[in-house]
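Participant: Just passing along the structure, written as C-alpha cells.
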Amino acid sequence: MTSTETTPVCETPVQTGDVLLSIENLHARVEGKEILRGVSLRIRAGEIHALMGRNGSGKSTLSKVIAGHPAYTVTAGAIHYRDQDLLALSPEDRARAGVFLGFQYPVEIPGVSNLEFLRVSCNARRQHRGQEELDTFAFEDHVRDTMAIVQMDPAFLERSVNEGFSGGEKKRNEVLQMALLEPLVAILDETDSGLDIDALRIVANGVKTLALPTTATLLITHYQRLLDAITPDFVHVMAEGRILRTGDKDLAMALEQRGYDWIDGADGADTPQP
Amino acid sequence: MSSAAAVEALNKTPYRYGFVTDIETEKIAKGLDESVVRLISSKKQEPDFLLQFRLKAYAQWQAMEEPDWAALRYPPIDYQEIVYYSAPRQKEQKASLEDVDPALLETFDKLGIPLSEQKRLGNVAVDAVFDSVSIATTYKQKLAEHGVVFCSMGEAVKDYPELVERYLGSVVPIGDNFFAALNSAVFSDGSFVYVPKGVQCPMELSTYFRINSDDAGQFERTLIVVEEGASVSYLEGCTAPMFDTNQLHAAVVELVALDDASIKYSTVQNWYAGDENGKGGIYNFVTKRGLCKGKRSRISWTQVETGSAITWKYPGCVLRGQDSVGEFYSVALTNHHQQADTGTKMVHVGPGSRSTIISKGISSGHAVNSYRGLVNIGPQARGARNFSQCDSMLIGDQAAANTHPYIQSRQPEATVEHEASTCHISEDQLFYLQSRGIEPEAAVSMLVSGFCRDVFNQLPMEFAAEADKLLALKLEGSVG
Ligand SMILES: Nc1ncnc2c1ncn2[C@@H]1O[C@H](COP(=O)(O)OP(=O)(O)OP(=O)(O)O)[C@@H](O)[C@H]1O
Ligand SMILES: [Mg+2]
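Read top to bottom, the protein sequences are chains A and B. Under the working numbering, think of the first position of the first sequence as 1, with each following residue one higher. Under the working numbering, think of the first position of the second sequence as 1001, with each following residue one higher.
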C-alpha cells in the first residue's frame, strides 16, 4: 500500500477475514441464453480462490458480470461487495471502489497512449480513496516503479493500449493495471494463459506480492502450474453455470490428473462453502 | 451502461464561446448589388485593381448557381438578407494595442486568445479578426526582423499592393465556384503572410476569426506566399456566438509555395454548430487551395472541424512543381443535426508529385458526415503517387457517414491507393476503459481522440492538446 501519512484514505480499512465479495444464487443471461444458473461464492480478505472448469462453463461470464459488462443481464440473485449492492454500481464505480478484473482477452485501443490511460485510471481509483491525483511527472515515476513488479519494459508506456502487444505482454499489462489500482478484490481471468515459463513465474510472483492479508484474489485458470506458484486456499470447479464442487489445493491436483469427467461423475456431492 | 445509452445523450453539447460582445458597430444595410461592392471597396480605400477584381467577381457570381451536389440539406440562403460589411467602431489607425477597444481585447481574452503584451501566447503571433475587420496583430515587429510579413489583408493591400495584385486569385480564380466568386466580390478582411526566400518563420502564425453579429456574413480572405526554401506554420481558429439564425461564412484561402518551400496550414474550426434541434449555427462554405508551384515544394493541410451547422470545404493542393508534396489530414466531428461534406482535392500536374490523404470522420446524434475527395493525375505527372485513407466512426445508430472518392488518372505510371473503413464505438473498448474506473463520457472521448491520433499528431504541438480538449468538450454530455 502507498503511504497514507499525508492524505487520508476514505476507504474504510479492511480486516483480514472480512467478507469482501458475496455472491448468492446468481443467474445471468446473454443474448437470450442463460449462462449463469445459480452461482454462490463467498470471498474473504486474505484468501486466494481458484476457479476452474471446462471451456464454456461460465467462468469469464461470472467475472464480467462482477465487473458490470452491459451485455450480461442478471436475472436473479445478488452480489455484495463489502456492504454495498455491487449490481447497483456502474462498472466505473465498481473499479473505483476496488473491484478489479484482469481480462482473458484484453482489448486493443489504437491511438490511446498506454501511459495516459494508466494515469487516468490510477487517478480515478486514487480519487475514490481520497488520495491526491498524480500529475504526469509524478505518475511516470510511480508507474516505472510499479512496472518492476512484473518486469515490464517502460517502452510499453509509449505505445497505444495493448495495440500490437503479444499475448503475454497484454497479460503483463493487466497485472500492471492491477498493481496500479490496488484493488481489494482482484479477479484474474486466465492471466497465466499465453505466458512463457519465465513470464509465468514473474507474473505469479507479482500477483503474490499484490495479494495482501487485506485483499482477496480470484484466479481463473486451467493449469496447475499457476497454482504451484500461488497456493490457493479454495479451489472451485464450475460446470454449466454453477459451482459444482469446492475443495482445497488437492482438488486442483486431482483434476490435473483425472480430468473433469471424474467430477461430473460426482455430481451432487458438493462440498460445503467455506 | 451500454454504448448505445452511453452515446444516446451525445446530445447536450455545451458551447463555451456562445457569448455576444456588446459593441458599437458600423454596418452597412442588408443586401447585395454592385453599389454595395463599390461601397466596401471605398470604405477600405482600395486601389483600382482591387475594385475591378471585385466587380468582375460580382458579375460572374450573378451568373452562377449555388452548387447542390454536396450531401447537404438546408433551406435556401437569401443573399439579400445578409449584411456584407460590419466593423466595430474604433479609431481608424490602431498604432498600438492601447488603441484597441478594451471590450474587444476582453472578448479575445475570454476566447483564450490574449492579445496584450503581458499575456499573449509565447511563441505564436496572432491576427485577431472580429466580424469584417482585423483588430490587432501581435509580434509584428519581431517577425519583421526576419523579413516575415504578417498582417491583415487590409493592411497588405495598402503596404504590399504589388504582392497582393500578383497572387490574389492566382490559386482560386475569381469564378472558381459560387462561394469563391461571392467572396471575391465582397471579402472584408483576413490575413496576409509573406515569407521571403530562405527564411524559416521563427514562430507559429495564427489568425483567430470571431463572428459577432447575427446578420453579418463573414467573408475573409487569406493569402500566404512562401518564397524559395522558406517555410511557415500557420493556424486558424474560429468561434461565433449562439444565435437562433444562421450566419454565412464564405472564406477563401490561397497558398503559394515556390521551390523547396513548405507551408503547414492548420485549422481548428469551432463555429457555433446550432442547438441540439438543429436551430441556428454557421453555414461554412469555404474554398481553400494551395499551389505547390515550385520543385519539391510542400503544402500540408491539417483540419479539425468540430463546429458549424453546415461545413462545405475541400482544402486541396495543385501539385504543379516536380516532386512536390501535398498532404491533407482531417478530423471532422459532427453531432446533433450538423452536416459536413468535406474532403480534399489533390491535382497532380508535376512529375513525381506525391500526396497523402488521411481523413477521420466522426458522426453522432442525427449528424451526417461525408468525405468527398478528388485525386486527379494529369498526363505529365509520371511517377505520381497518392495514398488515401478515409475512416469513419459512428456513435449511436442515428448518425450517418458516407465516403465519395473520385479518382481520375491520365497517367499510366501513377500509383493511387485508397483505403476506407467504417466502425462503431466498440462496446468492449468502452467497457475496458470503464472497468478501469474511467467515466463513460471520458472513455468515449478517449476512444474518439485515439481514433484521430494520426491527424492530431500533425498539429503544431501547442494546438494538439487544444484539439484534444475541444473534442472532449464536444463529446461532453455524451453519456446519460
Ligand atoms: N456475448 C455472448 N454471446 C453469446 N454467447 C456468449 C456470450 N458470452 C458468453 N457466451 C457463451 O456463454 C458460455 C460461457 O462462456 P464463458 O466465456 O463464460 O466460458 P469460460 O468458462 O470462460 O470458458 P473458457 O475456459 O473457454 O474461457 C459459452 O457457451 C459462451 O459461448
Ligand atoms: Mg473464459
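All residues carry an ideal CB built from backbone N, CA and C; glycine is no exception. Since the structure is predicted, the reported quantities are computational estimates derived from the model, not experimental observations.
Considering only the beta carbon of each residue, do Glu1204/B and Ser1231/B sit closer than 8 Å?
Facilitator: In the second sequence, residue 1204/B corresponds to position 204, counting from 1. In the second sequence, residue 1231/B corresponds to position 231, counting from 1. No, they are not a contact pair.
Participant: Please report how far the alpha carbon of Arg54/A lies from the alpha carbon of Tyr260/A, in whole angstroms.
Facilitator: What you label residue 54/A is simply residue 54 of the first sequence in a count that begins at 1. What you label residue 260/A is simply residue 260 of the first sequence in a count that begins at 1. Whole-angstrom Cα-Cα distance: 7 Å.
Participant: From the beta carbon of Gln1060/B, is the nearest beta carbon of chain A less than 8 Å away?
Facilitator: Locating residue 1060/B in the second sequence gives position 60, where the first residue counts as 1. No, because no Cβ of chain A sits closer than 8 Å to the Cβ of Gln1060/B.
Participant: Which value, in whole angstroms, describes the spacing of the CA atoms of Arg1453/B and Ala1181/B?
Facilitator: The residue you call residue 1453/B lines up with position 453 of the second sequence. The residue you call residue 1181/B lines up with position 181 of the second sequence. Each residue's Cα considered, the two are about 36 Å apart.
Participant: When you compare the CB of Glu92/A with every CB in chain B, is at least one pair closer than 8 Å?
Facilitator: Here residue 92/A refers to the residue found at position 92 of the first sequence. Answer yes: the Cβ-Cβ gap between Glu92/A and chain B drops below 8 Å somewhere.
Participant: Given this structure, state the Cα-to-Cα distance separating Leu1010/B from Val1100/B, to the nearest angstrom.
Facilitator: On the second sequence, position 10 is the one that residue 1010/B refers to. On the second sequence, position 100 is the one that residue 1100/B refers to. Caution applies to Leu1010/B, whose pLDDT of 38 falls short of 50 and renders its modelled position unreliable; the model cannot decide the point.
Participant: Which complete alpha helix (DSSP H) runs does the segment 1175-1221 of chain B hold, if anything under 4 residues is left out?
Facilitator: You should have 1178-1186.
Participant: Go ahead and pull the three-state DSSP assignment for Gly1321/B.
Facilitator: Start at 1 with the first residue of the second sequence, and residue 1321/B comes out as number 321. Looking at Gly1321/B - three-state DSSP - the assignment turns out to be coil, as it is neither helix nor strand.
Participant: For chain B, is any of its Cβ atoms less than 8 Å away from the one on Val120/A?
Facilitator: Against the first sequence, residue 120/A aligns to sequence position 120. So yes, Val120/A belongs to the interface.
Participant: Express the C-alpha separation of Gly98/A and Val65/A in angstroms, rounding to a whole number.
Facilitator: Numbered from its first residue, the first sequence carries residue 65/A at position 65. Numbered from its first residue, the first sequence carries residue 98/A at position 98. Their backbone Cα atoms lie some 15 Å apart in a straight line.
Participant: Ignoring anything shorter than 3 residues, give me the beta strand (DSSP E) runs that lie fully in the segment 1365-1451 of chain B, in order along the chain.
Facilitator: Runs found: 1368-1377, 1385-1395, 1400-1409 and 1415-1424.
Participant: If I'm right that Asn1183/B touches Arg1210/B with Cβ under 8 Å, what's the distance once you round it to whole angstroms?
Facilitator: Numbered from 1 along the second sequence, position 183 holds the residue referred to as residue 1183/B. Numbered from 1 along the second sequence, position 210 holds the residue referred to as residue 1210/B. The pair is not a contact, with the Cβ atoms about 18 Å apart (cut-off 8 Å).
Participant: Does the pairing of the segment 125-134 of chain A with the segment 1440-1451 of chain B give three or more beta-carbon distances under 8 Å?
Facilitator: Output reads no: the segment 1440-1451 of chain B does not touch the segment 125-134 of chain A.
Participant: Using a beta-carbon distance cut-off of less than 9 Å, what residues from the segment 1394-1427 of chain B approach chain A?
Facilitator: Within the segment 1394-1427 of chain B, the residues whose Cβ lies closer than 9 Å to some Cβ of chain A are Ser1426 and Glu1427, listed in chain order.
Participant: What's the gap between the Cα of Ile187/A and the Cα of Ser1435/B?
Facilitator: Stepping through the first sequence from its first residue, residue 187/A is reached at position 187. Stepping through the second sequence from its first residue, residue 1435/B is reached at position 435. C-alpha separation (whole angstroms): 12 Å.
Participant: For the beta strand (DSSP E) that contains Ser40/A, what are its first and last residues?
Facilitator: To locate residue 40/A, count along the first sequence from 1; it is residue 40. Per DSSP, Ser40/A belongs to the beta strand (DSSP E) from Lys33 to Arg44.
Participant: Would you verify that the beta carbon of Thr7/A is, or is not, closer than 8 Å to some beta carbon of chain B?
Facilitator: Position 7 of the first sequence holds residue 7/A. Residue placement at Thr7/A cannot be trusted, given a pLDDT of 42 that sits under 50; what the coordinates show is reported in the next sentence. So no, Thr7/A is outside the interface.
Participant: Identify the contact partners of Ala88/A in chain B, using a Cβ-Cβ distance below 7 Å as the criterion.
Facilitator: Translated into the one-based positions of the first sequence, residue 88/A becomes position 88. The premise fails here: Ala88/A is roughly 13 Å from chain B at the closest Cβ pair, so nothing lies under 7 Å.
Participant: Can you pull the chain A residues whose beta carbon is under 7 Å from the beta carbon of Ile1438/B, in chain order?
Facilitator: Here the question's residue 1438/B lines up with position 438 in the second sequence. Result: Glu92, Val120, Ser121 and Ala124.
Participant: Note down the Cα distance separating Ile1357/B from Leu1168/B, rounded to an integer number of angstroms.
Facilitator: Numbered from its first residue, the second sequence carries residue 1357/B at position 357. Numbered from its first residue, the second sequence carries residue 1168/B at position 168. Rounded to whole angstroms, Ile1357/B to Leu1168/B spans 26 Å at the Cα level.
Participant: At the level of alpha carbons, what is the spacing between Arg42/A and Leu20/A?
Facilitator: The residue given as residue 42/A occupies position 42 in the first sequence. The residue given as residue 20/A occupies position 20 in the first sequence. Rounded to whole angstroms, Arg42/A to Leu20/A spans 8 Å at the Cα level.
Participant: With DSSP run on the structure shown, which of helix, strand or coil describes Ser1355/B?
Facilitator: By one-based count along the second sequence, residue 1355/B stands at place 355. Three-state result, Ser1355/B: strand.
Participant: Quick one: grab the DSSP three-state call for Ala1156/B.
Facilitator: Here the question's residue 1156/B lines up with position 156 in the second sequence. Reduced to three states, the DSSP call for Ala1156/B is helix.
Participant: Out of curiosity, what's the CA-to-CA distance linking Ile202/A and Asp192/A?
Facilitator: Position 202 of the first sequence, counted from the first residue, corresponds to residue 202/A. Position 192 of the first sequence, counted from the first residue, corresponds to residue 192/A. About 10 Å.
Participant: Give the DSSP-derived three-state secondary structure of Trp1312/B in the structure shown.
Facilitator: On the second sequence, position 312 is the one that residue 1312/B refers to. DSSP places Trp1312/B in strand when its eight states are reduced to three.
Participant: Is the beta carbon of Glu1065/B sitting closer than 8 Å to the one on Phe1178/B?
Facilitator: Taking the second sequence and counting its residues from 1, the one referred to as residue 1065/B is at position 65. Taking the second sequence and counting its residues from 1, the one referred to as residue 1178/B is at position 178. Their beta carbons are under 8 Å apart, which means Glu1065/B touches Phe1178/B by this criterion.
Participant: In chain order, which alpha helix (DSSP H) runs of at least 4 residues are fully inside the segment 1006-1068 of chain B?
Facilitator: For the segment 1006-1068 of chain B, whole alpha helix (DSSP H) runs of length 4 or above, ordered along the chain, are 1034-1043 and 1048-1062.
Participant: So does Lys59/A have its beta carbon nearer than 7 Å to some heavy atom of ligand 2?
Facilitator: Walking along the first sequence from the start, residue 59/A turns up at place 59. Yes, ligand 2 has a heavy atom inside 7 Å of this Cβ.
Participant: For the alpha helix (DSSP H) that Asn173/A lies in, which residues bound it at each end?
Facilitator: Walking along the first sequence from the start, residue 173/A turns up at place 173. Asn173/A -> alpha helix (DSSP H) spans Gly167 to Leu181.
Participant: Of the residues that make up the segment 1444-1455 of chain B, which ones have a beta carbon closer than 8 Å to any beta carbon in chain E?
Facilitator: Note that chain E does not occur in the displayed structure, where the protein chains are A and B.
Participant: Taking the DSSP output, what are the residues bridged to Gly1361/B?
Facilitator: Locating residue 1361/B in the second sequence gives position 361, where the first residue counts as 1. Answer is Ala1332/B and Ser1392/B.
Participant: Between the Cα of Ala1103/B and those of Asn1212/B, Tyr1272/B and Val1124/B, spot the shortest distance and give me the residue it belongs to.
Facilitator: The residue given as residue 1103/B occupies position 103 in the second sequence. It is Asn1212/B.
Participant: Strictly below 8 Å CB to CB, what residues from chain B border Arg96/A?
Facilitator: The count along the first sequence starts at 1 and reaches residue 96/A at position 96. Chain B residues near Arg96/A: Gly1437.
Participant: I want to know whether the segment 1147-1156 of chain B touches the segment 1243-1260 of chain B - three or more CB-CB distances under 8 Å.
Facilitator: The answer is no - the segment 1243-1260 of chain B does not touch the segment 1147-1156 of chain B, with fewer than three Cβ pairs under 8 Å.
Participant: Please confirm whether any heavy atom of ligand 2 lies closer than 7 Å to the CB of Glu11/A.
Facilitator: In the first sequence, counting from the first residue as 1, residue 11/A sits at position 11. Checking every heavy atom of ligand 2 against the Cβ of Glu11/A, none is found closer than 7 Å.
Participant: So is Trp262/A buried or exposed if we call it buried at 16+ other beta carbons inside 10 Å?
Facilitator: Sequence index remark: in the first sequence, residue 262/A carries index 262 (1-based). It is exposed - the Cβ of Trp262/A has fewer than 16 other Cβ atoms within 10 Å.
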